[in-house]
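Heads up: the structure comes next, in structure tokens.
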Amino acid sequence: MPQGLFDGFEGYRTPSDEDYHHALANGLVVPDTNVLLNVYRYNAEAQNDLFAIFDTVGDRLWVPHQVLAEFWRNREAAIRDPQVKAEQTSVDLQDQCKRALQLVRAWANRIALPDDRLTAMQGSIARAFDELVGSIRNFVDVDAIEMARNTNSDPVLRRLEPLLRGQVGMQPNVEDLAQMVKEGLRRVEMGVPPGYKDKAKEGDAAAGDFLVWGQVLREAKKRRKPVLFVTGDVKEDWWRRVGGEIRGPRPELVSEMWRIAGVPLFMMQPKRLMQLAVQALHVQVQAGSLEDVARIDSLQVNPEPSELIPRSISEQVLSELFREADEINWESLTGREKSAQYDRWVESPLIGGALNRYLPSDRIRPWLKDGPMKEYLRAREGIGKFAAYMPRQYIRADDLVRQAMGPGWRIIDESLGDKPGHCHITDGSMQRYVCWGWSANFRQLIWSAVEDHSDGTGSPVVIVTLREGEPISPEEQQSQLEIGDRFGFQVIHLVRPLLPAP
């Protein structure tokens, strides 16, 4: 039988507004797990409007059993999300506070700021950060979170329960579920949508998206109604993208829906659902609700890379990344050599390959360069959140100072900094500025000492650190000592060993 332009290519056709209206007003409306979980992240106004839409849809609202299983599995994490994010932000701010105090101390030493004025400024900085951290933590209603964790007092569950009564798919029997999981895993391996972007998930979890999809196909075949699938998932195994922009469902999914159920498939994000409901269902939706839902949608469209990568995968990648960087002596590489190494890491199955399951290819190199590798030297010093993944670290700065200056010297609180490593030390009667780094960076060390030296302190100390088995020539060492003498600086050469990380 002769066919037309879109026959067999329905997935490439752009649905009209009338198509969407008809699907929402007459079709099977299926919310994904993330839609139900994000209710906990919406404000009260957005929650009420979404519930009103669900209520108006009535018995055409249908939730796959797999969606509800994932909802219950992740519900408490969604409830705790504000508290977790507040704690993460507080920790980051406390780190920034330490950095700010270090910068102010370094500036104060350069201009010989009186100690009382420095103490006052540092107090102001610390109080400002403490107030900010306190405000963030107080913003989280811990009592409300604890109340919501109790299913008997959770206000979201109280609203959802009557709306979903009789609207959830039956649990597949054991044999049927095993067959669906097998098919889902096969499709993941073959790159058949949906769900292949979840390949890195452990065990049967990788088949989760297909379980949702397979159950939707079966219900659509039984009801013979257009399907409107509402999801915040924006991965390419659900959506067709052109130039990075979403064009509609993957054509393979549209074709499969036609082939199995004989009905069209439509997909949209929650904000679009709310906009459409105003005309198609005559539901009143507040402007503030659209803004709040759009806020959550945007977090899923442009999430922080760290939020996209499961913790277990991130830990594996960071351990391998720092292990390789340690092996190739990253600090000694030239800029060109480092650039080539980034290319190799992007192509590495253990690094780029693992990350590519969660990040677009063009975001992997920036993630490596602007994240862990930017903090590599600090991690070597045992500083920062990446230090835990460093296989070997240098002896600590306080041990380095005692090795160079003797046991009577200690680092002054809040004075430790990097780029280059530096601090202020005291023996109880005198203060001195100390900086350290490799021989190749000797010029930078000298200028750091020049900039930070101020009246009222002893002469600066420049520690040239040497790697075990890589001594510098006697001529170079003598030249550095003579340069130090000309500036009035004490130059010390020390081997700084790398030790297994604690």
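Numbering (the numbering used here), first residue to last: -17 to 484.
Just so you know, even glycine gets a beta-carbon here, dropped at the ideal spot from N, CA and C.
- The continuous stretches of beta strand (DSSP E) do not include Tyr324, which lies in the alpha helix (DSSP H) extending over residues 317 to 329.
- For Phe53, the closest alpha carbon among the candidates Gln65, Met250, Val122, Glu143 is that of Glu143.
- Out of Glu0, Pro46, Asp31, the CA that lies nearest to the CA of Asp14 is found in Pro46.
- In the three-state reduction of the DSSP assignment, Leu210 falls in the strand class, which pools E and B.
- A straight line joining the alpha-carbon of Glu201 with that of Leu258 spans about 23 Å.
- Counted as a single uninterrupted DSSP element, the alpha helix (DSSP H) harbouring Trp89 occupies residues 47 to 93.
- Secondary structure of Leu476 (DSSP, three-state): strand.
- In the DSSP assignment, Val11 falls outside any alpha helix (DSSP H) and lies within the beta strand (DSSP E) extending over 10 to 13.
- Leaving aside the five residues that flank Thr408 on each side, the residues in its chain whose CB is nearer than 8 Å to its CB run, in chain order, Trp391, Arg392, Ile394, Arg414.
- For Gly364, the secondary structure class from DSSP, reduced to helix, strand or coil, is coil.
- DSSP, reduced to helix, strand and coil, places Ile393 within a strand of the structure shown.
- If you draw a 10 Å sphere on the C-beta of Phe(-9), you find fewer than 16 other C-beta atoms in it, and that means exposed.
- For Ala483, the closest C-alpha among the options Gln375, Leu6, Tyr358, Val224 is that of Gln375.
- Counting only the Cα atoms, Ser411 lies some 35 Å from Tyr358.
- The Cβ atoms of Ser430 and Gly470 lie no closer than 7 Å to each other.
- In this structure, DSSP gives Phe(-12) a state outside helix and strand, which the three-state scheme calls coil.
- Listed in chain order, the non-local C-beta contacts of Pro176 below 6 Å within the same chain comprise Asp191, Trp195, Asp219, Trp220, local neighbours out to five positions each way being set aside.
- Contact annotation: His475 and Val444 have beta-carbon atoms that are not nearer than 7 Å.
- The beta carbon of Ala369 sits closer than 6 Å to the beta carbons of Ala361 from its chain, once the five residues preceding and following it are set aside; these are given in chain order.
- DSSP, reduced to helix, strand and coil, places Phe471 outside both helices and strands of the structure shown, so it counts as coil.
- In the DSSP annotation of this structure, the continuous segment of the alpha helix (DSSP H) that includes Pro137 starts and ends at 137 to 146.
- Ranked by how close their Cα comes to the Cα of Asn423, the residues Ser321, Leu448, Gly244 have Leu448 in first place.
- The count of Cβ pairs closer than 8 Å, one atom from the segment 107 to 122 and one from the segment 72 to 84, reaches three, so the stretches are in contact.
- According to DSSP, Phe248 shares a beta bridge with Leu210.
- Per DSSP, reduced to three states, the secondary structure at His406 is strand.
- Between the beta-carbon of Leu398 and that of Arg478 there is about 16 Å, and that puts the pair past the 8 Å contact cut.
- DSSP places Val122 outside both helix and strand once states are collapsed to three, so it counts as coil.
- According to DSSP, residue pairing for Gln413 in a beta bridge involves Thr408.
- A Cβ-Cβ contact shorter than 7 Å links Ile107 with Ala82.
- The beta carbon of Val275 is closer than 7 Å to those of Tyr24, Ala28, Pro252, Lys253, Met256 in its chain, skipping five residues each way along the sequence.
- Beyond the five residues adjoining it in sequence on each side, Arg229 comes within less than 7 Å, by CB distance, of Arg222, Arg223 in the same chain, given in chain order.
- Rounded to the nearest angstrom, the gap between the Cα atoms of Ile310 and Ser294 is 25 Å.
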